Amino acid sequence: MKKLVLTSALLLSFCAAFSQITLVKGYMINMTGDTLKGEIKMNPKKEFDNFTRVSFKDASGVQKNYKPEKIKGYGFDNKHFIVSKLDGEPTFYKILSRGNVMLYEVMVEVQQMNEITTKTEYYFAKNSETEYTKLKENKFKKQFGEVMKDNPEILNNSEDKDFEIAKV
Numbered sequence: 007m008k009k010l011v012l013t014s015a016l017l018l019s020f021c022a023a024f025s026q027i028t029l030v031k032g033y034m035i036n037m038t039g040d041t042l043k044g045e046i047k048m049n050p051k052k053e054f055d056n057f058t059r060v061s062f063k064d065a066s067g068v069q070k071n072y073k074p075e076k077i078k079g080y081g082f083d084n085k086h087f088i089v090s091k092l093d094g095e096p097t098f099y100k101i102l103s104r105g106n107v108m109l110y111e112v113m114v115e116v117q118q119m120n121e122i123t124t125k126t127e128y129y130f131a132k133n134s135e136t137e138y139t140k141l142k143e144n145k146f147k148k149q150f151g152e153v154m155k156d157n158p159e160i161l162n163n164s165e166d167k168d169f170e171i172a173k174v
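All the letters of the sequence shown, read from the start, carry residue numbers 7 to 174 under the numbering used here.
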């Protein structure tokens with residue numbers, strides 16, 4: 007019996023040591039607009055969680071889980087997330103590019119056949135706009151052409167017809 011208890015304890019300690027969940031330095035913006043410094047609990051194997059909730063540990067050591075309707079944004083490791091609505095529901099959007107035209111990434115669940123999977127979608131907006139436009143992969147040059155009328159050489163330099171978010 008002692009061997010079973012010892013084996014179980016060792017197994018649990020190994021699982022805890024090799025799990026991917028970590029606390030990283032980060033920040034959270036509360037509903038009043040204050041930026042709180044602390045730690046973000048993250049699991050790189052579950053990237054979808056970054057778009058649905060955040061676990062934040064403040065300076066006093068209190069850890070709480072927050073959904074998008076409870077905060078304005080958060081960030082860690084040079085990744086920044088803001089809250090905006092997607093189909094009427096508050097959602098975390100990852101900021102990919104800042105400037106006159108903002109580029110965002112969001113991850114959503116979709117049902118394919120009888121299986122639920124995640125899908126990445128991209129949105130953009132002018133810096134002053136609060137409504138985001140979904141970036142259509144087959145029409146991205148036309149969509150950006152309308153937004154970037156004053157700087158067409160950026161799109162002219164992109165000869166590829168295939169959509170790659172890194173190039174956009």
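Backbone N, C-alpha and C fix where the C-beta goes; we use that ideal spot for every residue, glycine too.
The structure displayed is predicted, hence computed values, not measured ones.
The C-alpha of Met113 is placed about 15 Å away from the C-alpha of Lys73. Separation of Lys132 and Ala65 (C-alpha to C-alpha, rounded to the nearest whole angstrom) is 35 Å. Judged by their CB atoms, Tyr138 and Glu111 are not nearer to each other than the 7 Å cut-off. Note on geometry: alpha-carbon atoms of Asn120 and Asp55 lie some 21 Å from one another.
Between the beta-carbon of Thr28 and that of Ile35 there is about 22 Å, and that puts the pair past the 8 Å contact cut. When only Cα atoms are considered, Ile77 and Gln117 end up about 28 Å apart. Excluding sequence positions up to five before and after Ser103, its CB lies within less than 6 Å of the CB of Leu109, all in the same chain and listed in chain order. Around the beta-carbon of Ile122, fewer than 16 other beta-carbon atoms lie within 10 Å, marking it exposed.
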